[in-house]
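Asks:
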Amino acid sequence: MILGIIQNIAILLALSMLHSLFSRKSNLHYNGIKEIILGVVLGFVGVLLMMSPWTFMPGITFDTRTVLLSVSGLIIGVIPTIIAMATTALYRIYLAGDGLLMGVATILVSGTIGMLWAYLRPEWRRKNYKLEIYLMGVLTHIGMLLCAFLLPPALRVETIKNIAFTVLWIYPVGVLLLGIVLTSNKKRLEDENKFREAVERRTSFFNASRDMMFIKDEKFRYILVNDAICKFFGKTKEEIIGKSDQDLIPQTPLDDVLESDLKVLNEGVTITLQEKIGDKIYEATKFPTKLEDESYGIGGIVRDLTAVIKKNKIQEAILNISRSSLSDVDFKSFLKQVHIQLSKVIPVKNIYIALYHKDCDMYSFPYYADEYDELEENAMEVLHGSLTDYVRRTGKSAFVTDEFAKKLKSDDIIFVPYGTSSPLWLGSPLFDSEFKEVIGVIAIQEYEDSNIYTPEDLDLLEIFANNIGIFIERVKNIESLKDAKLKAEESNRLKTAFLANMSHEIRTPMNGIMGFANILLDEVTDDSHKEYLTIIKKSADRLLATINDVLDISRIEAGLVAIQKTEFDINELFQDLFTFFNGSAHDIEIKLSINTTSPLLIESDKVKLQQILTNLIGNAIKFTKEGYVEFGFKKHETNLVIYVKDTGMGIDKEFHKSIFERFVQADSSRIREFEGSGLGLAISKLYTDLLGGKIWLESEINIGTTFFVHLPL
0 MILGIIQNIA
10 ILLALSMLHS
20 LFSRKSNLHY
30 NGIKEIILGV
40 VLGFVGVLLM
50 MSPWTFMPGI
60 TFDTRTVLLS
70 VSGLIIGVIP
80 TIIAMATTAL
90 YRIYLAGDGL
100 LMGVATILVS
110 GTIGMLWAYL
120 RPEWRRKNYK
130 LEIYLMGVLT
140 HIGMLLCAFL
150 LPPALRVETI
160 KNIAFTVLWI
170 YPVGVLLLGI
180 VLTSNKKRLE
190 DENKFREAVE
200 RRTSFFNASR
210 DMMFIKDEKF
220 RYILVNDAIC
230 KFFGKTKEEI
240 IGKSDQDLIP
250 QTPLDDVLES
260 DLKVLNEGVT
270 ITLQEKIGDK
280 IYEATKFPTK
290 LEDESYGIGG
300 IVRDLTAVIK
310 KNKIQEAILN
320 ISRSSLSDVD
330 FKSFLKQVHI
340 QLSKVIPVKN
350 IYIALYHKDC
360 DMYSFPYYAD
370 EYDELEENAM
380 EVLHGSLTDY
390 VRRTGKSAFV
400 TDEFAKKLKS
410 DDIIFVPYGT
420 SSPLWLGSPL
430 FDSEFKEVIG
440 VIAIQEYEDS
450 NIYTPEDLDL
460 LEIFANNIGI
470 FIERVKNIES
480 LKDAKLKAEE
490 SNRLKTAFLA
500 NMSHEIRTPM
510 NGIMGFANIL
520 LDEVTDDSHK
530 EYLTIIKKSA
540 DRLLATINDV
550 LDISRIEAGL
560 VAIQKTEFDI
570 NELFQDLFTF
580 FNGSAHDIEI
590 KLSINTTSPL
600 LIESDKVKLQ
610 QILTNLIGNA
620 IKFTKEGYVE
630 FGFKKHETNL
640 VIYVKDTGMG
650 IDKEFHKSIF
660 ERFVQADSSR
670 IREFEGSGLG
680 LAISKLYTDL
690 LGGKIWLESE
700 INIGTTFFVH
710 LPL
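Numbers 0 to 712, taken from numbering that gives the first Met the number 0, label the letters of the sequence shown in order.
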């Protein structure tokens, strides 16, 4: 019996090694195949166990197959366990004997209990897994003892007595030990797989990154590199490992790289800096890293910033050009700024901008900078058959080398050389703001270095051209508006001067007419003659008032009116106005009233304020048929509000703003019976503005109107 148990233990230990082997990551595409193979192996192990039993009596043998199958159901899995159960059951049937039913039953019970325990208690590993395994083993072998009742009745009691101790005490311990071994195997292998997967993920990430990643040893030799490094050097990993930058690119200046490597190694610090390698700029982050031999090396991540820096420069240059187009600069200064900004991105010594004039089929050159050729200012050229005309006609950019130029000439596309011949010429069309029409061409050329530009530079020139065309139109439009504004201002000045001169020339004879009309009125006794002379006098007064208004408007617009502030009592001014208008108000039977206070000294232009109030009070009396006209003021802490109120015809709301414009009256259809040029309120507003105040009104039709003048104190 002891020998049989030892043999069974040896077989179970061999099983643990087989389990370890099968649990490793397999290359099989279908994981189920591995489980089937494992099930066959488990079945074979079960048969081996059954071939090394201890015999209770002929036909009744015992082994540790229950240990194997229960642990398999719990740990290894359903498919392998079922295959193992079937294999061992078939072998037990083959053996036959009195213990056949019990043997097959114990196979089925032990495997089933293990699988059910795993299914019903899926978290059994998380807490006290050893206790879980032991309890499952006890339950399995209680089931085994119960299976003994399947023996012939004469053998049951004796068999149970002989195997009870071993089955209930030894076998559960065997289950525990085998379970611990297999669980440890499984956990170790799971950890190994996780670690392997983590390494694979890191390696995949390491190689998938566009950034260059590396580790160097203390002698600056590469010991780990990713695919981006290989692409940079144009070599395989095997060709790079063990070599330094100096070994790999000996002709390239590497002062920045070596200096930063030394700093990381000597000072043990992480640094981020820009390094120049050849004509490219890189951002490198370098840090100290511990190597397998406990020494320190250099880890690094390097990113190519050349394209980013160039893109930022392009954006900044276009932004500066846009700002320049919005600033107060002339057209030539704007184009000079275009040259400056373009030179920040690519080398540009020779550049010109040619604008096409459709009306005359010629080109002007608002900007021309060249090492060899000069061009007269405001020159106009016919460029048929030139590269410039070729780009304008095709509407496409051109990268013209000597070879390409020869081809164009052989095809009779270009046939007229313009200026000094250059081995490299780049041109791009300038479009209007809607990108519908080519308005010109921007071109750069190089006389010495035929390799200075690349097709990428042509793409860059095209980006500039697409923006410059819009800006050129904007600047030209602004210049046109400035010219139009200057012409309008000059026209307005001439008109004002003309009106002032004409007003003066008309007023002089009018004064003579009015003077003689007054003399004749005093001397003529005939009533009809007096009536005619009165009409002449009123008409002359009206015409003179209109002339004075026109002259005032002209003087204000010409900037000839100056504010002369003096200190005066506003009550006295109001009293003078009341005395002046009271007679005319009395004649048309309306009441004129004044609302004043105690003496109030203010500092303002008395003449201008008097003119404002004269216009407002005169209008109020003129447009009021019955009722009253009242004027006065209210003093506040920092301002003075003057009002003129009447009960006249009122002003429609739609005219409240326009009524202060020149030659505008509230409603010409309603006031045809009233005289007036429509300039009084315009003059009042202009004077109010000059005094730093504001004027407005409140009015309702057929109720009346109130004008307010707000003046600062």
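Heads up, the beta-carbon is just placed ideally off N, CA and C, and yes, glycines get one too.
None of these values were measured; they are calculated from a predicted model.
1. For Arg302, collect the residues of the same chain with a Cβ closer than 7 Å to its Cβ; drop the 5 residues on either side in sequence, then sort them by chain order.
2. DSSP three-state label for Leu176, please.
3. Just the C-alpha distance for Ser332 and Phe430, rounded to the nearest angstrom, thanks.
4. Between Gly296 and chain D, is any beta-carbon pair separated by less than 8 Å?
5. Would you check if the distance between the CB atom of Pro422 and the CB atom of Thr453 is smaller than 8 Å?
6. Could you tell me which uninterrupted alpha helix (DSSP H) segments, each at least 4 residues in length, are contained entirely in the segment 218-250, listed from first to last along the chain?
7. Which residue comes first and which comes last in the alpha helix (DSSP H) that contains Asp260?
8. Where does Trp123 sit, in a helix, a strand or coil, going by DSSP?
9. Determine the burial state of His383: buried for a count of at least 16 other Cβ atoms within 10 Å of its Cβ, exposed for fewer.
10. Within 10 Å of its beta-carbon, does Cys359 have 16 or more other beta-carbons around it, so buried, or fewer, so exposed?
11. Just checking, does the segment 129-149 make contact with the segment 84-104 on the three C-beta pairs under 8 Å criterion?
12. Look at the alpha carbon of Leu48 and the alpha carbon of Thr65, and state the distance between them as a whole number of angstroms.
13. List, from N- to C-terminal side, the beta strand (DSSP E) runs of 3 residues or more that fit wholly inside the segment 320-389.
14. Beta-carbon within less than 7 Å of Lys279's beta-carbon, same chain only, minus the 5 sequence neighbours each way: which residues are those?
15. Three or more beta-carbon pairs under 8 Å between the segment 403-411 and the segment 448-467, yes or no?
16. Can you say whether Tyr686 is buried or exposed, counting buried as having 16 or more other CB atoms within 10 angstroms of its CB?
17. Counting C-beta neighbours from all protein chains within 10 Å, is the total for Ser259 16 or more, i.e. buried, or is it exposed?
18. Which of the three DSSP states is assigned to Ala397 in this structure?
19. DSSP three-state label for Ala95, please.
20. Which of the three DSSP states, helix, strand or coil, is assigned to Ala442?
21. Give me whichever residues DSSP pairs with Ala283 in a beta bridge.
22. May I ask which residues mark the beginning and end of the beta strand (DSSP E) holding Ile617?
23. Count the C-beta pairs between the segment 155-163 and the segment 122-137 that are closer than 8 Å, then say yes if the count reaches three, no if not.
24. Leu600 by DSSP, collapsed to three states: which one?
25. How about Tyr355 and Ile438: do their beta carbons lie closer than 8 Å?
26. What whole-angstrom Cβ distance do Ile641 and Ile650 have, given they're in contact under 8 Å?
27. From what residue to what residue does the beta strand (DSSP E) around Tyr627 run?
28. Rounded to whole angstroms, what is the Cα-Cα separation between Glu697 and Glu504?
29. In this structure, what does DSSP give as the bridge partners for Ser683?
30. Alpha carbon to alpha carbon, what distance is there between Pro171 and Thr182?
31. Could you say if the segment 174-191 and the segment 259-273 meet the contact criterion of at least three C-beta pairs nearer than 8 Å?
32. How many angstroms separate the CA atom of Leu290 from the CA atom of Arg200?
33. Taking 8 Å as the threshold (C-beta atoms), are Gly418 and Lys397 in contact?
34. Would you tell me roughly how many angstroms separate the C-alpha atoms of Glu445 and Phe364, rounded to the nearest one?
35. Just the C-alpha distance for Ala85 and Gly233, rounded to the nearest angstrom, thanks.
36. Please tell me whether Ile562 and Lys607 are closer than 8 Å, where the distance is taken between their beta carbons.
Replies: In terms of the structure at hand:
1. Excluding residues within five positions, the ones whose Cβ falls inside 7 Å are Asp210, Tyr281, Glu282.
2. Reduced to three states, the DSSP call for Leu176 is helix.
3. Rounded to the nearest angstrom, the gap between the Cα atoms of Ser332 and Phe430 is 20 Å.
4. Here chain D cannot be found, since the structure has a single protein chain.
5. No. Outside cutoff.
6. Taken in chain order, the whole alpha helix (DSSP H) runs of length 4 or more contained in the segment 218-250 are 226-232, 236-239, 244-247.
7. Element bounds for Asp260: 254-266.
8. Trp123 falls in the coil class under three-state DSSP.
9. Label assigned to His383: exposed.
10. Looking at its Cβ environment, which holds fewer than 16 other Cβ atoms inside 10 Å, Cys359 is exposed.
11. With the rule of 3 Cβ pairs closer than 8 Å, the segment 129-149 counts as touching the segment 84-104.
12. So the alpha carbons of these two residues sit roughly 10 Å apart.
13. Fully contained in the segment 320-389 are the following beta strand (DSSP E) runs of length 3 or more, in chain order: 349-356, 361-368.
14. Within the same chain, Lys279 has close Cβ partners Asp303, Thr305.
15. Here the segment 403-411 makes no contact with the segment 448-467; the two share fewer than three CB pairs at distances below 8 Å.
16. Within 10 angstroms of the beta-carbon of Tyr686 lie 16 or more other beta-carbons, which makes it buried.
17. Counting Cβ neighbours within 10 Å, Ser259 comes out buried, since at least 16 surround it.
18. Note: Ala397 maps to strand in three-state DSSP.
19. The three-state secondary structure of Ala95, taken from DSSP, is coil.
20. Here Ala442 sits in strand by DSSP.
21. Beta-bridge annotation (DSSP): Ala283 is paired with Leu272, Val301.
22. The question names Ile, yet the displayed sequence has Gly at residue 617. Here Gly617 belongs to no beta strand (DSSP E); instead the alpha helix (DSSP H) covers 605-621.
23. Fewer than three pairs of CB atoms, one per stretch, sit closer than 8 Å, so the segment 155-163 makes no contact with the segment 122-137.
24. Leu600 falls in the strand class under three-state DSSP.
25. For the 8 Å CB-CB criterion, Tyr355 and Ile438 form a contact.
26. For Ile641 against Ile650, the beta-carbon gap comes to about 18 Å, at or over 8 Å, which does not count as contact.
27. Following the DSSP letters along the chain, one finds Tyr627 inside the beta strand (DSSP E) bounded by residues 627-634.
28. So the alpha carbons of these two residues sit roughly 39 Å apart.
29. Answer is none; Ser683 lacks a bridge partner.
30. If I take the Cα positions, the gap works out to 16 Å.
31. Contact between the segment 174-191 and the segment 259-273 is absent, because fewer than three Cβ pairs lie under 8 Å.
32. When only Cα atoms are considered, Leu290 and Arg200 end up about 21 Å apart.
33. First, the amino acid is wrong: residue 397 is Ala here, not Lys. No, they are not a contact pair.
34. So the alpha carbons of these two residues sit roughly 19 Å apart.
35. Those two C-alpha atoms are separated by around 60 Å.
36. Taking 8 Å as the Cβ cut-off, Ile562 and Lys607 qualify as a contacting pair.
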